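A.B. asks:
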Amino acid sequence: MAIRRRFPVFFVAFLWLIAGVCASDGDANPIYIACVEQCEKTGCVGVICFQHCNLTSDGKSISDPWYLQEPLYIKWKKWDCLSGCRYQCMLDMEEERVKAGGTPVKYHGKWPLQRAFGIEVVQIVEPVAVALSALNLGVQFHGWVSFFILVNYKLPSRPNRQTYYEYTGMWHIYGTLSMNFLFWSAVYHSRDVEMTKKVDYSSAAAVLGCSLIVAILRAFNVRREATRVMIAAPLIAFVTTHILYLNCYQLDYGLNMKVCVTLAVAQLLVWVVWAGVSNHPSRWKIWFVAIGEGLIIFFEIYDFPPFWGFLDAHAVSHAIAIPVSHIWWGFIHDDSEYRTAALLKKTK
């Protein structure tokens, strides 16, 4: 029994100890860099040319004032010069690599994926990841709404109409940040530009930082507001500094991955240790979530080239996250009922 309880801890710790985040090789290739630079100057990669390197879709110059250019929602559906050049140069590089018997490499932190509906109508960079992010967003929304209804309308309330469950507010913050992250994840995977990348990275760091705070407060049963502030303040400061660094100084993919993995592993270790020593009736759900989260971390670090040009390890991690989110919100619901019942017994 003791070995079985410690296994999730060893499993997550093993993933963290052997983890290594590698930089992208494709976009560091001088041939690729020269290809993109030449394309931005000439607007062409071989016989394929991109009108957006010189003109907008309605024939106006890109040097025109912003109020004379096409609306943002039209630009969103079209390929811009840089994304078109990068995509075509990547395809040419990978074609030559396949001919030489090589294996695919990453470009700008991503595997070379096929774009759906990307000729002239709509550009979806990673269609599978977009669909899975949207589905997970629906699961998160359902879990949060059902939790809101449970604590506010189904469970008993205090005389001042406040909930007995001490962690209601924190789970609301967690649910809001999770839905925000998944929304921007879907946007980012559909349109990979600097703005969407920054918001996606920032949202991921924010929700993981919040998850670690909630894990510490719930596992150690911290209820005093002053103590909560003392625990949350340094973590909030760290995550905020990281987000400001990404947005205002350098958008570092490798650094962001290391920070996010550290936050994820830390909060996961807190939960599995707590589940191993507590008598919570729904602690078995923590074991399932721990295994799922461990697999997500594994696929985020040790990813593989995409199958059929669409399904890569990142998309697989999004797929695993869907049942994990459902089970996790189930634990939150059970925990609110468990704590409410325990507090009601004390008041009688």
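Note that the sequence shown covers residues -23 to -1, 1 to 325 in mature numbering (1 follows the signal peptide of the UniProt record, and there is no 0).
Positions of the beta carbon are idealized from the N, C-alpha and C atoms, including for glycine.
Just so it is clear, the structure is predicted and the values come from calculations on it, not from any experiment.
Assuming GLU143 and ARG200 make a contact with CB atoms under 8 Å, what is their CB distance in whole Å?
C.D. replies: Indexing the sequence shown from 1 puts residue 143 at position 166. Indexing the sequence shown from 1 puts residue 200 at position 223. Confirmed, Cβ separation roughly 5 Å.
A.B. asks: Give the straight-line distance between the Cα atoms of residue 360 and GLU17, rounded to the nearest whole angstrom.
C.D. replies: In the structure displayed, the chain extends from -23 to 325; residue 360 sits before or after that span and is not available.
A.B. asks: From the DSSP output, in three-state form, read off VAL24 for me.
C.D. replies: Mapped onto the sequence shown, residue 24 falls at position 47. In the structure shown, VAL24 sits in coil (DSSP, three-state: anything other than H, G, I, E or B).
A.B. asks: Quick one: Cα of THR80 to Cα of MET70, how far?
C.D. replies: To locate residue 80, count along the sequence shown from 1; it is residue 103. To locate residue 70, count along the sequence shown from 1; it is residue 93. The straight-line gap from Cα to Cα measures roughly 11 Å.
A.B. asks: Near GLY307, which residues of its chain fall below 7 Å by C-beta distance, leaving aside the five closest residues on each side in sequence?
C.D. replies: Indexing the sequence shown from 1 puts residue 307 at position 330. If we look at GLY307 and ignore the five residues flanking it on each side, its Cβ neighbours are LYS262.
A.B. asks: On the DSSP letters alone, give me the boundaries of the alpha helix (DSSP H) that ALA108 sits inside.
C.D. replies: Translated into positions along the sequence shown, residue 108 becomes position 131. Per DSSP, ALA108 belongs to the alpha helix (DSSP H) from 104 to 126.
A.B. asks: Label TYR44 either buried or exposed according to how many other C-beta atoms from any shown protein chain fall within 10 Å of its C-beta, with 16 as the threshold for buried.
C.D. replies: As a position in the sequence shown, residue 44 is number 67, starting the count at 1. Interpretation of TYR44 is limited by its pLDDT of 44, a score under 50 that renders its predicted location unreliable; no figure is taken from the coordinates.
A.B. asks: So SER167 and VAL105 are in contact, right, with Cβ under 8 Å, and what is the actual spacing, rounded?
C.D. replies: Counted from its first residue, the sequence shown places residue 167 at position 190. Counted from its first residue, the sequence shown places residue 105 at position 128. Actually they are not in contact, since the Cβ atoms of SER167 and VAL105 sit about 11 Å apart, beyond 8 Å.
A.B. asks: Taking Cβ positions, are GLY3 and TYR84 nearer each other than 7 Å?
C.D. replies: As a position in the sequence shown, residue 3 is number 26, starting the count at 1. As a position in the sequence shown, residue 84 is number 107, starting the count at 1. The answer is yes: Cβ separation under 7 Å.
A.B. asks: Where does VAL176 fall in DSSP's three states?
C.D. replies: Here residue 176 is taken as the residue at index 199 of the sequence shown, counted from 1. Helix at VAL176.
A.B. asks: Could you pull the DSSP bridge partners for LYS87 from this structure?
C.D. replies: The count along the sequence shown starts at 1 and reaches residue 87 at position 110. TYR84, per the DSSP bridge assignment.
A.B. asks: Below 8 Å, can you find three or more Cβ-Cβ pairs linking the region 128 to 143 to the region 167 to 186?
C.D. replies: Verdict: no, contact absent.
A.B. asks: In three-state DSSP terms, what is SER134?
C.D. replies: Translated into positions along the sequence shown, residue 134 becomes position 157. Correct three-state label for SER134: strand.
A.B. asks: Only counting the same chain, and skipping five residues up and downstream in sequence, which positions put a Cβ closer than 7 Å to that of ALA192?
C.D. replies: On the sequence shown, position 215 is the one that residue 192 refers to. So the list reads GLN244, VAL247, TRP248, once near-sequence residues are dropped.
A.B. asks: For a quick check, are the C-beta atoms of CYS187 and LEU159 less than 7 Å apart?
C.D. replies: One-based indexing of the sequence shown puts residue 187 at position 210. One-based indexing of the sequence shown puts residue 159 at position 182. No, the Cβ-Cβ distance between CYS187 and LEU159 is not below 7 Å.
A.B. asks: Going by alpha carbons, who is nearest to SER313 out of ARG260, LEU228, GLY253, PHE124?
C.D. replies: Here the question's residue 313 lines up with position 336 in the sequence shown. Nearest of ARG260, LEU228, GLY253, PHE124 to SER313, Cα basis: PHE124.
A.B. asks: Taking only the alpha-carbon atoms, compute the straight-line gap between THR317 and VAL266 and give it to the nearest angstrom.
C.D. replies: Taking the first residue of the sequence shown as 1, we reach residue 317 at position 340. Taking the first residue of the sequence shown as 1, we reach residue 266 at position 289. Going from the Cα of THR317 to the Cα of VAL266 covers about 23 Å.
A.B. asks: Kindly identify the DSSP beta-bridge partner or partners of THR140.
C.D. replies: For this step, residue 140 is matched to residue 163 along the sequence shown. Note: THR140 sits in a beta bridge opposite SER134.
A.B. asks: With a threshold of 16 other CB atoms inside 10 Å of the CB of GLU73, please say whether the residue is buried or exposed.
C.D. replies: Looking up residue 73 in the sequence shown gives position 96. Label assigned to GLU73: exposed.
A.B. asks: Expressed to the nearest angstrom, what Euclidean distance is found between the alpha-carbon atoms of residue 347 and VAL238?
C.D. replies: The chain is shown only over -23 to 325; residue 347 falls outside these bounds and no answer can be derived.
A.B. asks: First and last residue of the alpha helix (DSSP H) that includes LEU59?
C.D. replies: Taking the first residue of the sequence shown as 1, we reach residue 59 at position 82. Note, LEU59: alpha helix (DSSP H), 58 to 76.
A.B. asks: Among HIS149, GLY115, ALA111, whose alpha-carbon lies nearest the alpha-carbon of ILE126?
C.D. replies: Taking the sequence shown and counting its residues from 1, the one referred to as residue 126 is at position 149. The shortest Cα separation from ILE126 among HIS149, GLY115, ALA111 belongs to HIS149.
A.B. asks: If you follow the alpha helix (DSSP H) that PHE158 is part of, which residue opens it and which one closes it?
C.D. replies: The count along the sequence shown starts at 1 and reaches residue 158 at position 181. That run of the alpha helix (DSSP H) goes 145 to 167.
A.B. asks: If you run the structure through DSSP and keep just helix, strand and coil, what is PHE94?
C.D. replies: As a working note, residue 94 is residue 117 in the sequence shown. Unreliable placement is indicated for PHE94, whose pLDDT of 47 sits below 50; no coordinate value is reported for it.
A.B. asks: What span of residues does the alpha helix (DSSP H) with ALA5 cover, start to end?
C.D. replies: As a working mapping, residue 5 is identified with position 28 in the sequence shown. Looking at the DSSP string, ALA5 is not in any alpha helix (DSSP H), and its letter there is neither H nor E.
A.B. asks: What three-state label does DSSP hand LEU185 in the structure shown?
C.D. replies: Within the sequence shown, numbered from 1, the residue matching residue 185 stands at position 208. It is helical.
A.B. asks: Hey, could you find the ends of the alpha helix (DSSP H) VAL170 is sitting in?
C.D. replies: As a position in the sequence shown, residue 170 is number 193, starting the count at 1. Counting along the chain, VAL170 falls outside any alpha helix (DSSP H), and DSSP gives it neither H nor E.
A.B. asks: I'd like the span of the alpha helix (DSSP H) that includes PRO211, first residue to last.
C.D. replies: Here residue 211 is taken as the residue at index 234 of the sequence shown, counted from 1. Element bounds for PRO211: 202 to 225.
A.B. asks: Can the beta-carbon of SER110 be found closer than 7 Å to that of HIS295?
C.D. replies: Residue mapping note: residue 110 aligns to position 133 of the sequence shown, counting from 1. Residue mapping note: residue 295 aligns to position 318 of the sequence shown, counting from 1. Going by C-beta atoms, SER110 is nearer than 7 Å to HIS295.
A.B. asks: Let me check understanding here. Comparing Cα to Cα, which of PRO258, GLY152, LEU223, TYR141 lies closest to LYS322?
C.D. replies: Within the sequence shown, numbered from 1, the residue matching residue 322 stands at position 345. Nearest option by C-alpha distance: TYR141.
A.B. asks: Please confirm whether any heavy atom of the ligand ATP lies closer than 6 Å to the CB of MET156.
C.D. replies: Here there are no bound small molecules, and the ligand ATP is not part of this structure.
A.B. asks: Measure the alpha-carbon distance for LEU320 versus VAL250 and round it to whole angstroms.
C.D. replies: The residue given as residue 320 occupies position 343 in the sequence shown. The residue given as residue 250 occupies position 273 in the sequence shown. If you take the alpha carbons of LEU320 and VAL250, they lie about 24 Å apart.
A.B. asks: Quick one: measure Cβ to Cβ for VAL236 and ALA182, integer angstroms, because I've assumed they're closer than 8 Å.
C.D. replies: Stepping through the sequence shown from its first residue, residue 236 is reached at position 259. Stepping through the sequence shown from its first residue, residue 182 is reached at position 205. Right, the Cβ-Cβ distance comes to about 6 Å (below 8 Å), so this counts as a contact.
A.B. asks: Verify whether the separation of the beta carbon atoms of ASN6 and SER302 is less than 7 Å.
C.D. replies: On the sequence shown, residue 6 is found 29 positions in, with the first residue counted as 1. On the sequence shown, residue 302 is found 325 positions in, with the first residue counted as 1. For ASN6 and SER302, no; Cβs fall outside 7 Å.
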